[in-house]
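Colleague: Residue numbers (full-length UniProt numbering): 1 to 277.
After the structure tokens below, expect a handful of questions from me.
This is the structure we're talking about:
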């Protein structure tokens, strides 16, 4: 396994964890040093071995922090797990990001076959026309159906509010990104924050006590206008939005954020512990 340094060696949180781990051992060694009389000729060796043990433990904790591929947090008294995996193999409800038109045309122009959106349609949908009809029939209120783009040459024309969710069996399809005239997905940062707040509100309505798996929203081909956003920042924003939403997933339901294998080296899992509340 290739080693990629994501956590600095002199990391404050890591140092505090090391102190916590070593404190009981330090107390034990202090007791033994009083109870056992070590001959002078072995004292130097004993001290060297103790210091070496302390350093080895610190190095172990540091290496482990860099190799982490999972972190479990408690947010609003709810269980949140961030882990590397494949969202299609997860149990419970699974979130798939669509654009604001809920386009289903997988042609590498409107929808790319390499995105979760495209993979979902190719793998899970036998009749795209039926899915289109269900979306149109169920998302009819003026609160979610916010416009019509008659000038659009390709794809659908009805536009939906970002964060709107359509539940299709075990999948929650959500209007995530805007589309420009060249069919490129994009978001402004204000759009992303508005999406997240509405998204959690919709999740609270539809999850019905089931566990939810969410991909790292925005880490694909979505362009953030005016911002250069890292995958780490997107993940922290997603966790922050769950925190301020005040939504609570009561046991045994939980939330998982699924990081794709190709993105794991860009995520500092150890740092996420700082976001717990």
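Note that the Cβ used here is the ideal one computed from N, Cα and C, for glycine as well.
By Cβ distance below 7 Å, which residues in the same chain neighbour residue 54 in space, the five residues on each side in sequence not counted?
Modeller: Same-chain partners within the cutoff: 22.
Colleague: Cα separation between residue 6 and residue 235?
Modeller: Looking at the two C-alpha atoms, the distance is approximately 15 Å.
Colleague: Do the CB positions of residue 132 and residue 104 come within less than 9 Å of each other?
Modeller: Closer than 9 Å, so yes.
Colleague: Opposite residue 158 in the DSSP bridges: which residues?
Modeller: In DSSP, residue 158 forms a bridge with 148.
Colleague: When you compare only the Cα positions, how much space is there between residue 14 and residue 67?
Modeller: Cα-Cα distance, rounded: 14 Å.
Colleague: According to the neighbour-count rule (16 or more other Cβ atoms, all chains shown, within 10 Å of its Cβ), is residue 56 buried or exposed?
Modeller: That one is exposed.
Colleague: Check the DSSP bridge columns for residue 71 and list the partner residues they point to.
Modeller: BP columns for residue 71 point to 82.
Colleague: Taking 8 Å as the threshold, find out whether the stretch 182 to 194 comes into contact with the stretch 60 to 77 through three or more Cβ pairs.
Modeller: No, they do not touch.
Colleague: Measuring CA to CA, which of 154, 79, 172 and 165 is closest to residue 284?
Modeller: No statement about residue 284 is possible, as the shown extent of the chain runs from 1 to 277 and does not include it.
Colleague: Please report the straight-line C-alpha distance between residue 195 and residue 258, rounded to a whole angstrom.
Modeller: Each residue's Cα considered, the two are about 19 Å apart.
Colleague: Considering only the alpha carbon of each residue, which of 46, 65 and 255 lies closest to residue 93?
Modeller: Answer by Cα proximity: 255.
Colleague: Pull up the DSSP beta-bridge partners for residue 212, would you.
Modeller: Bridge partners of residue 212: 93 and 255.
Colleague: Hey, does residue 100 have any beta-carbon neighbour from chain D nearer than 9 Å?
Modeller: No chain D is present in this structure, which holds just one protein chain.
Colleague: Roughly how many whole angstroms lie between the Cα atoms of residue 260 and residue 36?
Modeller: The straight-line gap from Cα to Cα measures roughly 54 Å.
Colleague: Once the 5 residues before and after residue 242 are set aside, which same chain residues still bring their CB inside 6 Å of it?
Modeller: Hits under 6 Å: 75.
Colleague: So is residue 177 buried or exposed if we call it buried at 16+ other beta carbons inside 10 Å?
Modeller: Residue 177 is buried by the Cβ-count criterion.
Colleague: Got a sec? Which residues, its chain only, sit under 7 Å from residue 231 by beta carbon, not counting five neighbours each side?
Modeller: These residues qualify, in order along the chain: 216, 219, 263, 266 and 267.
Colleague: Can you tell me whether residue 166 is buried or exposed, with buried defined as 16 or more other CB within 10 angstroms of its CB?
Modeller: Buried, since its Cβ has 16 or more Cβ neighbours within 10 Å.
Colleague: With distances taken Cα to Cα, identify the nearest neighbour of residue 159 among 174, 82 and 206.
Modeller: It is 174.
Colleague: What do you get for residue 85, buried or exposed, if any count of 16 or more other CB atoms within 10 angstroms of its CB means buried?
Modeller: With 16 or more other Cβ atoms within 10 Å, it is buried.
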